[in-house]
Amino acid sequence: MAHRIKVLAKRLTNFVIGLVMFVTSLFLIINVHVGLFDAIYTLNPYPFYFLGVIVGVERIFYSITGSTKIFSLIVGEGEGFFSIALMGIFLVFITFGIYIAVYTIFYSNAITMLVNGLDGASFLLFSLIIFKSWYK
């Protein structure tokens with residue numbers, strides 16, 4: 093019974109993080125208007141919001157079905173480099189989370205600042221989930 097509660101808590105945590113990441117990233121994609129030049133050649137975190145939508149959908153899918161097929165598609169199959177891929181994803185997402193959270197000070201709208209901070213926090217929480225699954 094304790095194992096079942098632990099699994100349900102893990103899925104609920106993943107669902108909340110995935111939902112927050114998906115909703116905040118989608119909100120920021122719609123409301124933050126960035127030109128192509130600014131998205132490519134400046135330090136704007138706008139491209140990371142698209143990654144947040146993809147990973148948010150993956151976390152929601154995992155929490156509902158329990159299937160890791162989409163995550164395996166992102167990370168890759170096989171035992172050889174799986175732990176290295178998890179470590180890389182952890183480092184990338186913790187970096188993106190810190191970067192998005194720090195970039196919050198550059199927005200002038202209070203709602204956009206709040207949503208951007210939540211998006212950065214969801215990236216950080218996702219990286220901690222990856223770390224916990226990697227470092228058992």
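Here our numbering is used: the first residue of the sequence shown is 93, the next is one more, and so on. Glycine is no exception: its CB is placed at the ideal position from the N, C-alpha and C atoms.
- Listed in chain order, the non-local C-beta contacts of Y141 below 6 Å within the same chain comprise S117, L120 and I121, local neighbours out to five positions each way being set aside.
- An exposed status is given to R96, since fewer than 16 other beta-carbon atoms sit within 10 Å of its beta-carbon.
- DSSP places G189 inside the alpha helix (DSSP H), whose first and last residues are F174 to V194.
- Pairing S159 with G110, the inter-Cα distance amounts to about 15 Å.
- Contact check for M113 against F218 passes: the beta carbons are separated by less than 8 Å.
- The stretch 202-213 and the stretch 125-135 do not touch, with fewer than three beta-carbon pairs separated by less than 8 Å.
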